[in-house]
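In terms of the UniProt record's numbering, the sequence shown has 64 at position 64, counting the first letter as 1, and numbering is strictly consecutive. What follows is one structure encoded as structure tokens, with my remarks underneath.
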Amino acid sequence: MEVKATGISVYDRISELRSFDDSKAGVKGLVDSGISKIPRIFVHDDRNKHLEEKSNCKNSQFDVPIIDFDGIYTDMARRYEIVERIRDACEKWGFFQVINHEIPLSIMNQMIDGVRGFHEEETEVKKQYYSRDVTKGPQRFASNMQRYIFQIFGLHDEILFELLSEALGLDSSHLEDMGCTEGLFVLGHYYPACPEPELTYATSNHADSGFLTVLIQDHIGGLQILHQNQWIDVPPMNGAIVVNIADLLQLITNDKFKSVNHRVLAKKIGPRISVASFFRTHFREGIESKVYGPIKELLSEENPQFYQEITTRDYLTHYYNKGLDGTSALSRFKIR
């Protein structure tokens, strides 16, 4: 709704957002109702650049790195090669895809199907779970979730954080010893087909707030990352996982590894389904006051400390107060 005042149109976002929340039907409920125009609360003013940005993606000379983990346990020369590729991807891209990672495709598909199954339940069934508190959620798919989490924890404890540590020139256990692997938060995304994708985003421009994110996505696509001032597609690959550096890992590596902005485009086809696993200690009780700063072994006269030491609580408070506005939450904690 808009309120007229002295001839100026003022958009009452709060009232419209409250009305949307009160319905407890979510975005899928809007789409199921047959809307042909999206509500004003979902319109992004910068979407008029959509065609130009889309063209840049198609004509781009860049491809997100794809790293094959085959032989990582049995061939030390192969492992060294993989570490070098991870180092290059983390320093230049902040994103890479992994194949032959040993998470069974069947479990990945079960997670995608579980997210689909929940969101395609009747609205009355889902209303009891409607909340803006992301720490609350349905338990219906708990068994599949537990199997997936077991696989993800095995992946990061045994491989990902070891390889990241080695890529930094540190002992294999360094990042785990710092507590980077202590928390895991899994979030399922369901993006219905959008009647006006040129006016909105499925997820707006942002960087992630934890240490590392591992994503599985279906075949629809739409994920893009900002690389050298161009939006680059992260194309779906059957059986692949997408890995990206998050803000706290950029902070503790003193800008050696990059947390980059990314977004998801809305599409007229759908739904698009993905499952994101965030390694982030700040969702665990009692450790919000844990202090993180640049790793001392990475500092030198040529590479001085760029960031203050901060608690996860301080960082999170600023991150969520700032919102997903496309700017870096890390800039506030830079040493001037």
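By construction, the Cβ of each residue, glycine as well, lies at the ideal position given by its N, Cα and C atoms. Keep in mind the model is a prediction, meaning the values are calculated, not measured.
- Item | T203 - partner residues in DSSP beta bridges | Answer is V264.
- Select from A193, F62, R85 and L215 the residue whose C-alpha is nearest the C-alpha of L187. Of A193, F62, R85 and L215, the residue nearest in Cα terms is L215.
- Paired residues, beta bridge with Y320 - DSSP: The partner list for Y320 (beta bridge, DSSP) is empty, contrary to what the question assumes.
- Query: If you draw a straight line from the alpha carbon of Q308 to that of N205, how long is it in whole angstroms?
  - Reply: A direct Cα-Cα distance of roughly 25 Å separates Q308 from N205.
- If you check the beta carbons only, do I67 and L199 fall under 8 Å apart? Not closer than 8 Å, so no.
- Unbroken alpha helix (DSSP H) runs of length 4 or more, entirely within the stretch 62 to 94: which are they? Listed in chain order, they are 76 to 92.
- With distances taken from CA atoms, which of M237, S259, Q230 and H101 is nearest N244? Here the closest residue by C-alpha is S259.
- Buried versus exposed, by CB contacts within 10 Å (16 or more), N238: Per the 10 Å Cβ criterion, exposed.
- Could you tell me whether the stretch 298 to 317 touches the stretch 246 to 257, using the rule of 3 or more Cβ pairs below 8 Å? Yes, since at least three Cβ pairs between the stretch 298 to 317 and the stretch 246 to 257 fall closer than 8 Å, the two stretches touch.
- Message: So, under 8 Å CB-CB, A207 and S328 are touching, yes? Tell me the CB distance rounded to an integer number of Å.
- Response: Sure, about 6 Å apart at Cβ, within 8 Å.
- Item | For E52, three-class secondary structure by DSSP | With a pLDDT of 46 at E52, under the threshold of 50, the predicted position of this residue should be treated as unreliable, though the coordinate-derived value follows. Helix.
- Query: In or out: R132 buried (at least 16 other Cβ within 10 Å) or exposed?
  - Reply: Label assigned to R132: exposed.
- Message: Could you pull the DSSP bridge partners for Y307 from this structure?
- Response: Y307 is bridged to K334.
- Query: Should R272 go down as buried or exposed, given a rule of 16 or more other Cβ atoms within 10 Å for buried?
  - Reply: Flag for R272 reads buried.
- Message: Give me, in chain order, the residues of the same chain whose beta-carbon lies closer than 7 Å to that of F211; leave out the 5 immediate sequence neighbours on both sides.
- Response: Result list for F211: C180, A246, L248, L249, F279 and R280, in chain order.
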